[in-house]
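Position one of the sequence shown corresponds to residue 34 (our numbering), numbered consecutively onward. Ideal Cβ placement from N, Cα and C applies to all residues, glycine included. Owing to the predicted nature of the structure, the values given are computational and were not obtained by experimental measurement. Only one structure is covered here, and it is reproduced in the block below.
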Amino acid sequence: MTKIKIDEKEYDTDNMTEDQKKIVNILNTGTYSISMLEHITQCVSAIQKVKINELNKLLEDNNDKPI
């Protein structure tokens with residue numbers, strides 16, 4: 034007995050038709066996919082920040098060396 038909420042109204046998936054359950058599965062897949070994409074974006078952004086800091090440090094260290 035799984036319940037879903039749409040527009041503040043709860044529905045029991047046990048009482049849904051097969052077509053309705055298919056749509057619920059598609060919506061669940063979409064929600065999961067969006068969550069994964071957001072996670073991937075956060076990971077890539079974090080690595081970008083780390084690598085920018087790493088590059089800045091190397092550039093600063095290189096500028097401190099005599100020519």
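{"Asked": "If you reduce the DSSP assignment to three classes, tell me which class D40 lands in.", "Found": "coil"}
{"Asked": "Tell me which residue opens and which closes the alpha helix (DSSP H) that T62 is part of.", "Found": "E51 to N96"}
{"Asked": "From N58 to H72, what distance separates their C-alpha atoms?", "Found": "21 Å"}
{"Asked": "Is it the case that the Cβ atoms of T50 and I37 are separated by a distance below 8 Å?", "Found": "no"}
{"Asked": "Taking the C-alpha atoms as reference points, what is the distance between E43 and V77?", "Found": "37 Å"}
{"Asked": "Residues bridged to D45 by DSSP?", "Found": "K36"}
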